[in-house]
Amino acid sequence: MSAEDVYNRISVLRAERGVSRKDLAAALGVHYQTIGYLERGQYSPSLFLALRIAEYFEVPVEIVFSLRPFPRLGSEVK
Numbered sequence: 001m002s003a004e005d006v007y008n009r010i011s012v013l014r015a016e017r018g019v020s021r022k023d024l025a026a027a028l029g030v031h032y033q034t035i036g037y038l039e040r041g042q043y044s045p046s047l048f049l050a051l052r053i054a055e056y057f058e059v060p061v062e063i064v065f066s067l068r069p070f071p072r073l074g075s076e077v078k
């Protein structure tokens with residue numbers, strides 16, 4: 001983990017809601033490839049974009065983003 005790593009659940013939230021990368025990108029006013037870069041951890045969003053993504057999914061920003069890897073779904077929380 002580097003000092004700049006930011007983990008996210010964007011792909012999980014998109015899948016749960018049936019939202020494509022292109023649809024999310026259009027709603028946020030960014031290129032659809034930006035969503036892919038975010039999901040793969042190749043790009044860390046600005047604070048403004050992170051807040052807009054959380055607002056789009058109607059969840060707190062810490063549900064979408066974390067400085068630590070998210071536990072796998074179905075795994076025990078320690």
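With the first letter of the sequence shown counted as 1, position 20 gets the number 20 in UniProt numbering; the numbers rise by one all the way through.
Backbone N, C-alpha and C define an ideal beta-carbon position, used for all residues, glycine too.
Taking the alpha carbon of residue i as the reference point, which residue from the options has its own alpha carbon closest?
| i | options | result |
| --- | --- | --- |
| Leu47 | Ala25, Ala27 and Glu62 | Glu62 |
| Tyr37 | Gly18, Arg72, Tyr56 and Arg9 | Arg9 |
| His31 | Leu49, Pro71 and Arg68 | Leu49 |
| Tyr56 | Val6, Glu4, Arg17 and Asp5 | Arg17 |
| Val59 | Thr34, Arg14 and Asp5 | Arg14 |
| Ser11 | Glu4, Asp5 and Thr34 | Thr34 |
Please state the DSSP three-state secondary structure of residue i.
| i | result |
| --- | --- |
| Ser20 | coil |
| Ser66 | strand |
Which residues bound the alpha helix (DSSP H) around residue i?
| i | result |
| --- | --- |
| Arg52 | Leu47 to Phe57 |
| Tyr37 | Tyr32 to Glu39 |
Since residue i and residue j should fall inside the 8 Å C-beta cutoff, what is the C-beta to C-beta distance between them, to a whole number of angstroms?
| i | j | result |
| --- | --- | --- |
| Leu28 | Arg52 | 6 Å |
Would the beta-carbon of residue i be found less than 7 Å away from any heavy atom of the ligand ATP?
| i | result |
| --- | --- |
| Ser46 | The model on display carries no ligand, and the ligand ATP is accordingly not part of it. |
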